[in-house]
Structure formats: C-alpha cells, structure tokens
Amino acid sequence: MVVKSTRPSTKDENPVLFEAFEWNLPVDHKHWSRLRQALPALHDIGITDLWLPPGSKGKDAKSNGYDIYDTYDLGEFDQKGTVPTKWGTKDDLVALARSAKTLGMGLVWDAIHNHRAFADETETVAVVEVDPRDRRVEISETYNITAWSKFNYTKRRGKYSTFQYNQSHFNGTDWNQDNKKRSIYRFAGKTWAPDVGKLQGNADYLMLENLDYSNPELVEEVNQWGEWITNELDLKGFRLDAVQHYSWNFANDWSSYLRKKCGSDLLIMGEFWHGDVRVLNDWLRNMNPYFKLYDVPLLYNIARLSWFQSPDLRKVFEKTLVSERPNQAVTFIRCHDTQRGQDMDTPIHRAFTPHAYSLLLLRDTGHPCVFFGDLYGLEAPYPEPPTCFGRLPGLVLARKMYAHGTQTDYFHASDCIGWVRHGNGQMPNGMAVVLSWTQEVQNAKANPCLEMHVGKEHAGEIWTDLLGFELGAVLIEMGGVGRFVCQLNGIACFVNEAAPGRERFPVNFDAVFMSSLAADGVEELGNGLHGLDVFNSHVNGDSDHPKNEEYADRYKNGSDGNTSSYYGKGL
Numbered sequence: 001m002v003v004k005s006t007r008p009s010t011k012d013e014n015p016v017l018f019e020a021f022e023w024n025l026p027v028d029h030k031h032w033s034r035l036r037q038a039l040p041a042l043h044d045i046g047i048t049d050l051w052l053p054p055g056s057k058g059k060d061a062k063s064n065g066y067d068i069y070d071t072y073d074l075g076e077f078d079q080k081g082t083v084p085t086k087w088g089t090k091d092d093l094v095a096l097a098r099s100a101k102t103l104g105m106g107l108v109w110d111a112i113h114n115h116r117a118f119a120d121e122t123e124t125v126a127v128v129e130v131d132p133r134d135r136r137v138e139i140s141e142t143y144n145i146t147a148w149s150k151f152n153y154t155k156r157r158g159k160y161s162t163f164q165y166n167q168s169h170f171n172g173t174d175w176n177q178d179n180k181k182r183s184i185y186r187f188a189g190k191t192w193a194p195d196v197g198k199l200q201g202n203a204d205y206l207m208l209e210n211l212d213y214s215n216p217e218l219v220e221e222v223n224q225w226g227e228w229i230t231n232e233l234d235l236k237g238f239r240l241d242a243v244q245h246y247s248w249n250f251a252n253d254w255s256s257y258l259r260k261k262c263g264s265d266l267l268i269m270g271e272f273w274h275g276d277v278r279v280l281n282d283w284l285r286n287m288n289p290y291f292k293l294y295d296v297p298l299l300y301n302i303a304r305l306s307w308f309q310s311p312d313l314r315k316v317f318e319k320t321l322v323s324e325r326p327n328q329a330v331t332f333i334r335c336h337d338t339q340r341g342q343d344m345d346t347p348i349h350r351a352f353t354p355h356a357y358s359l360l361l362l363r364d365t366g367h368p369c370v371f372f373g374d375l376y377g378l379e380a381p382y383p384e385p386p387t388c389f390g391r392l393p394g395l396v397l398a399r400k401m402y403a404h405g406t407q408t409d410y411f412h413a414s415d416c417i418g419w420v421r422h423g424n425g426q427m428p429n430g431m432a433v434v435l436s437w438t439q440e441v442q443n444a445k446a447n448p449c450l451e452m453h454v455g456k457e458h459a460g461e462i463w464t465d466l467l468g469f470e471l472g473a474v475l476i477e478m479g480g481v482g483r484f485v486c487q488l489n490g491i492a493c494f495v496n497e498a499a500p501g502r503e504r505f506p507v508n509f510d511a512v513f514m515s516s517l518a519a520d521g522v523e524e525l526g527n528g529l530h531g532l533d534v535f536n537s538h539v540n541g542d543s544d545h546p547k548n549e550e551y552a553d554r555y556k557n558g559s560d561g562n563t564s565s566y567y568g569k570g571l
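The working numbering numbers the first residue of the sequence shown as 1 and each following residue consecutively.
In structure tokens:
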C-alpha cells in the first residue's frame, strides 16, 4: 500500500519536546544546573522545548514535586525542611530559563491542578465516606474528621500571593488524623466535579487534598499563579498533569485566561492516561482546539508490536490519537510514569526503540516527545544505558534537517514498512526510511528491501544511511526510484550523501548527564557487532533489560497478561 500525504509540511523547524528528567535522579539539588549545562548540546541536535518537572515545593527535599505543597515556592523559602527543591534553587531555575531563552528554546512547566498536599494545620470537616470502587456511592453517614486542609505558608510571608487554602477550597481527602484511617472522604455539602473521567464512577478524586474548582476563589488564585509563573520563567507552555481527574471546564477556562494574558501561542498539553482513543477524543471534543494530549494508545501499540510473536507494522497507527487528531497528539514511547518500577511501567523491547523513535520523529504528524532516560540513561534502582544503540541524537537531528515536506507511505508487508519525506522549498533534500521487525527470524528475508520513489529530481544521487546501521549505498534511478535495504529487524534512514549537513552524522553527543551514568549505550556497536548481529542478538533474547523474558512472555501472544491491566483497556 502506497499512501501519499495531502498535508504539506511548511514549517522551517520541526518541534521536539524533551522530557528533561526521570523519576530516580539523585537528590543533590543540582538538576537545574546540570540541565543548563546540557542546553547547547540539546539545542544543537534539534530539541526545541524542555518539559520540566513540577519544580514547586513538595513534601520534602526528596520530592519530585507531584505531592505539591506551595506552588509559589520554586526553591526560595525554608519550607518543609529545605530551601531548594529536589531539582535546585529558584536562582538555578531562573538561570536555566534565561539560558534557554538565549538559545531560543522553550520551557514547558508540569502543572499540578488536581490536589495540594502536606498542609500546615488540621481542620474539623464534616464528611461522608465513599466507595473506592465507585466514588458516587456513599458508604457512611455524615460525621466529622480531622483533616489536613489548612495551608498558611508562614515562611513565605505573603510574597507573590497572600492566598491560604482551607477546607472550602477542597472537596475530598484520604486521611482522618483522629483515628489514622485512610479512606476516601468527600466533604459534606460538596460534590465531585461532573466534568471529569469515568474511572471508578467519577474520576475527580485521585489523591491527597482534592481541589474544588466550583469555588471561585480557588479559580482566581490558580489563574493568577499561572500568569505569575509564566512571566516569572518566560514559559512557552504547560503540561497539565492528570487532566481526567479535575474539571475540564476549568482546564479550558484556565488555558484561555493564560493565552489572553500571556500570549495566544502558549502550548497546552494534557496527560489523560487511557488506552482507548475514543475516550481521548470524547475529552478533546470539549476542549479548545489548541489542546494536545499524550498519545497513550500509540505507546501501547508500539509496546505490543515490540513483543508480539507475529507483529504487523502496518497497524502501528491504528486507533491512535496521531492518526485521528494529528495536530493534537503528543507522541512518546516512554516517560517518567512508564519507566520500570512506576505505576504505568510499559516495557518496549530495547532493540525496537530505534524503530519506535523513527515512528515519532521522522513522520509528518504529531508533536514528538523524547524521554530523558532514552537520551541519557536511567539511574538506580533500575539503571539502564541510553536506548536506540546511541542513535537517538542522530534521529532527532535527522528530524531537524531532513524530515520535511509531504510524506509517501509504503506499508507493503507486516514485517517491513517505509516512507519517504519529499522535502520542501526551504529544506529540499528529503529522506527515505525503512523498518524491519519480526520475531520469526528463521523464516524472514535476510535483507528486507523496499522500492520507493523519492522524486526524479534526485536521479543519479547516492543515498546512504545516516544512522550507520546499513552500510550499503543506494543509487537513485532516472525515474526517481531507489531500492532501499535495511538489516533484518533493523532500521535505516537514507539521505543523499552530498546533502548539506551530512558531515554531522554520526552525531557526537555527550550522553553522560550524571557522573554516575555510563554512556555504554553509545558503545553498543563498538564491540564487533554491526547491524544484523546487534538487532538479532536482542530479538533472540539477549537483551540487557533484566526482565526481558518476562515481558516477552507477556506480549508474545498478543496478551497483556495478568500484571498489566492498562493495555488496550485504559483506565
């Protein structure tokens, strides 16, 4: 099947979002400083925007920020036993923001609008307990509890905001200090927000002290905070955490307010964790058209394909957000929520990661997001080297330099697909991409090949794989057709060997972010293994992922197994 895109690419720059953290980075308060030092190298390969972790003060000095205490404390005040956050001081963060602006890179802030945590004082609150399996069902009479719901922020002394939270700004909690009982308590006289996800009957309550956006004081305060932090750090946009767990009307109004106050091009992307694209579409139909969502269905499709016994690459984009709403899809294959040990742990075969990232970075749809752990590796307790055999920087740079113009797909076979990017007036060179993937190595062709038309204007040119996996060259025939080969279970990205910028490949990228991280992923091809040997050694079970066999068993028959309830089902 050959499909030619009808959507021309006219942008001079292909955006790439970089998730600039992973869950297990060390607690030394130097992350902002290290990230600032890494900015030039990230910018050089084509990273345009950085998704920062929630950098407001949380529970303590070790907090990643999702258990948020004070949105205005960016590492400036002595609260919760620390001045800096896990990530660093406010001065470090401001320095990072200035350096990013100098390079023309945008910062995307991870905003926590669902809850607040670790209050300063308790209050007596009338509540009813609700069924944790269906939060619409009351399972107790009304009675009083002692709830941690009063936030004074005395150490901040009213700087930036004099607002103080109390029980009127919340509609639920999960802790009764009187008897140390954990349950889900809905505040009496309050209801859950109706415009939320349907998980467990009503998804408004997720954790901790749940914010109630029916309170106009709260809405005004969160609006003002959004305007303040956007101006304070010169932000390009926001990643909204757990959007299915609070009012979509508020999310719409909040983003509209900020776009009016801070610029109509403010980037807004939400995390709605669900594997069914129909659910994501239902939510987006209520939202302003500039809203984007992370394409969880695509992530699950890619994860399944990497482990299936008989994968069909042609179906990778079926029932995904990027296929149905290409301008509203943030495409990704890993994030801090899916790394090993996290609730949404979603394993992808390491040998398939170059394929996966090519499906994100080298296509003409979606807003791709690159994960910190794939570029720099992961820290303990589950350390990993960088993925993609060290070729991820090259894939990002290939997007920047050659992934332009209209796109023609060649989805001929289940185990081998390809596409051509034809270039545009500003970036005319284009590229041809070939992917091969099968678990049935014995029955597969040794050298998968696709005939693809790159254009008569390229006749006589010699195209080579800029990633270095395929060592052969392709002569473009007079009619503009080339026979593009890749290794079995491999990937190749062909570009005219004389195209401007080809001297930058292979990319020399420093993948050591922390001194304790060894960039051995970059050296995986340096031990006498090339192309076919590398890919097949991983496909046949010689992967360096410690749970490779377990994951292979989970997915080999198309089943998600008993240990993962999310695949294809969502939440």
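Here a beta-carbon is modelled for each residue, glycine too, at the ideal position from N, C-alpha and C. Computed from a prediction, not measured in an experiment: that's the story for all the values here.
| Check | Outcome |
| --- | --- |
| Are the CB atoms of ALA97 and ARG234 within a distance shorter than 8 Å? | Sequence inspection shows Asp at residue 234; the Arg mentioned does not correspond to that position. Against a cut-off of 8 Å, the Cβ pair of ALA97 and ASP234 comes out as a contact. |
| Measuring straight from C-alpha to C-alpha, what distance separates LEU35 and ALA329? | 26 Å |
| Excluding the 5 residues flanking ASP60 on each side, which residues of the same chain have their C-beta closer than 7 Å to its C-beta? | LYS80, GLY81, THR82 |
| For SER247, is the classification buried or exposed, using 16 other Cβ atoms within 10 angstroms of its Cβ as the cut-off for buried? | buried |
| Which residue from GLY88, LEU361, ASP73 puts its Cα closest to that of THR48? | LEU361 |
| Along the alpha helix (DSSP H) that carries LYS260, what are the first and last residues, could you check? | 248-262 |
| Should the segment 314-330 be called in touch with the segment 360-378, which here means at least 3 C-beta pairs below 8 Å? | yes |
| On the criterion of 16 or more Cβ atoms from any shown chain inside 10 Å, does ALA446 qualify as buried, or is it exposed? | exposed |
| In this structure, does DSSP put SER183 in helix, strand or coil? | strand |
| Checking 8 Å against the spacing of the C-beta atoms, do PHE494 and PHE505 come in under that value? | no |
| Give every residue of the same chain whose Cβ lies closer than 7 Å to the Cβ of ASP195, excluding the five residues on either side of it in the sequence, and list them in chain order. | SER247, TRP248, ASN249 |
| Who are the near neighbours of ASN152 in its chain, counting only those whose CB is closer than 7 Å to its CB and skipping five residues on each side? | ASP120, GLU121, GLN164 |
| Taking the alpha carbon of GLY46 as the point to measure from, which residue in ARG399, ASN489, GLU477, GLY423 has its own alpha carbon closest? | ARG399 |
| If you reduce the DSSP assignment to three classes, tell me which class GLU379 lands in. | coil |
| On a Cα-Cα basis, can you pick out the residue from LEU375, ALA499, GLU324, LEU395 that is closest to ASN14? | LEU395 |
| MET478: which of GLY490, HIS453, CYS486 sits nearest, CA to CA? | HIS453 |
| Since I believe GLY201 is in contact with ARG116 (beta carbons under 8 Å), could you give me their beta-carbon distance rounded to a whole number of angstroms? | Contact flag wrong, Cβ pair sits at about 23 Å. |
| Give me the Cα-Cα distance between ARG363 and MET207, rounded to the nearest whole angstrom. | 38 Å |
| Going by the beta-carbon positions, is the gap between VAL108 and TRP32 smaller than 8 Å? | no |
| Closer than 6 Å by C-beta to ASP295: which residues in its own chain qualify, once you throw out the five before and the five after it? Chain order, please. | THR320, LEU321, VAL322, ALA329, THR331 |
| Kindly indicate which three-state DSSP category SER565 falls into: helix, strand or coil? | Legend: pLDDT at SER565 = 27, less than 50; position of this residue unreliable, no value from coordinates given. |
| Can you name, in chain order, every residue of its own chain whose Cβ lies under 7 Å from the Cβ of ILE184, other than the five neighbours on each side? | GLU129, VAL130, PRO132, ARG135, GLY172, ASP174, TYR205 |
| To test your reading of the DSSP string, which unbroken beta strand (DSSP E) runs of 3 or more residues are found completely within the segment 45-89? | 49-52 |
| Tell me the DSSP secondary structure of LYS190 in three-state form. | coil |
| Please give me, in chain order, every unbroken run of the beta strand (DSSP E) with length at least 3 that falls completely inside the segment 431-485. | 431-436, 449-453, 462-465, 473-475, 481-485 |
| Just tell me which of ASP312, SER56, ASP67 has its CA closest to the CA of GLU209. | ASP67 |
| According to DSSP, is GLN339 part of a helix, a strand, or is it coil? | coil |
| With distances taken Cα to Cα, identify the nearest neighbour of PRO347 among LEU313, GLU384, ASP312. | GLU384 |
| Would you check if the segment 280-298 and the segment 406-422 touch, i.e. whether three or more CB-CB distances between them fall below 8 Å? | no |
| Where are the beta strand (DSSP E) runs, 3 residues long or more, that stay fully inside the segment 111-171, in chain order? | 121-131, 134-138, 143-150 |
| Would you kindly report the start and end of the unbroken alpha helix (DSSP H) that includes HIS572? | Because the chain is modelled from 1 through 571, residue 572 falls outside the range shown and cannot be assessed. |
| Hey, how far is the Cα of GLY455 from the Cα of GLY480? | 4 Å |
| On a Cα-Cα basis, can you pick out the residue from PRO381, LYS315, ALA380, ASP374 that is closest to ARG334? | ASP374 |
| Taking the Cβ atom as the reference point for each residue, do SER63 and LYS86 lie within a distance shorter than 8 Å? | yes |
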